[in-house]
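Q: 4 is the number of the first residue of the sequence shown in the numbering used here; add one for each residue after it. One structure, as C-alpha cells, below. Some questions next.
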Amino acid sequence: DYMDSSLQTSARAYIDCYDANDNLIAELYVRIPTHMGFLFVLKSVVDQLLLIGKKFGFGTQIRTNDNNNRSCSTGLKIS
C-alpha cells in the first residue's frame with residue numbers, strides 16, 4: 004500500500020524479443036522509481052514487438068540506485 008519514496012531504489016522491467024532462431028532482435032527496458040508500483044505499456048508498443056518477434060522473455064529487477072544491491076526475477080520465456 005505504501006512505499007517510502009526516499010528509499011533510493013528503482014524497479015526495472017523488460018521484454019526481450021527474439022526471432023525464430025533465438026537471436027535477440029529488440030528489447031523494451033524500463034526503469035521507474037520503486038514507489039510508483041506499476042507501469043503501463045502502450046498497446047501500440049506491444050503490437051510492434053508482436054509483429055517482429057517469435058519468442059519473448061520477461062523479467063524484473065529491484066535495485067538500489069547506486070547499483071550496490073539488486074534482486075532479479077527468474078526470466079520467463081514465452082513463444
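Heads up, the beta-carbon is just placed ideally off N, CA and C, and yes, glycines get one too. All values reported here derive from a predicted model rather than from experimental measurement.
(1) Where do the ends of the alpha helix (DSSP H) carrying SER47 lie?
(2) To which residues of the same chain is GLY78 closer than 6 Å at the C-beta, ignoring the five residues directly before and after it?
(3) Buried or exposed, going by whether 16 or more other CB atoms sit within 10 Å of the CB of ASP7?
(4) Tell me the DSSP secondary structure of SER76 in three-state form.
(5) For LEU31, name the three-state secondary structure that DSSP assigns.
(6) Does the pairing of the region 67 to 81 with the region 39 to 55 give three or more beta-carbon distances under 8 Å?
A: With the structure as the only source:
(1) Per DSSP, SER47 belongs to the alpha helix (DSSP H) from 46 to 55.
(2) Hits under 6 Å: GLY60, GLY62.
(3) It counts as exposed.
(4) SER76 carries a coil assignment under DSSP once its states are collapsed to helix, strand and coil.
(5) Looking at LEU31 - three-state DSSP - the assignment turns out to be strand.
(6) Segment contact: the region 67 to 81 against the region 39 to 55, fewer than three CB-CB distances shorter than 8 Å; contact not assigned.
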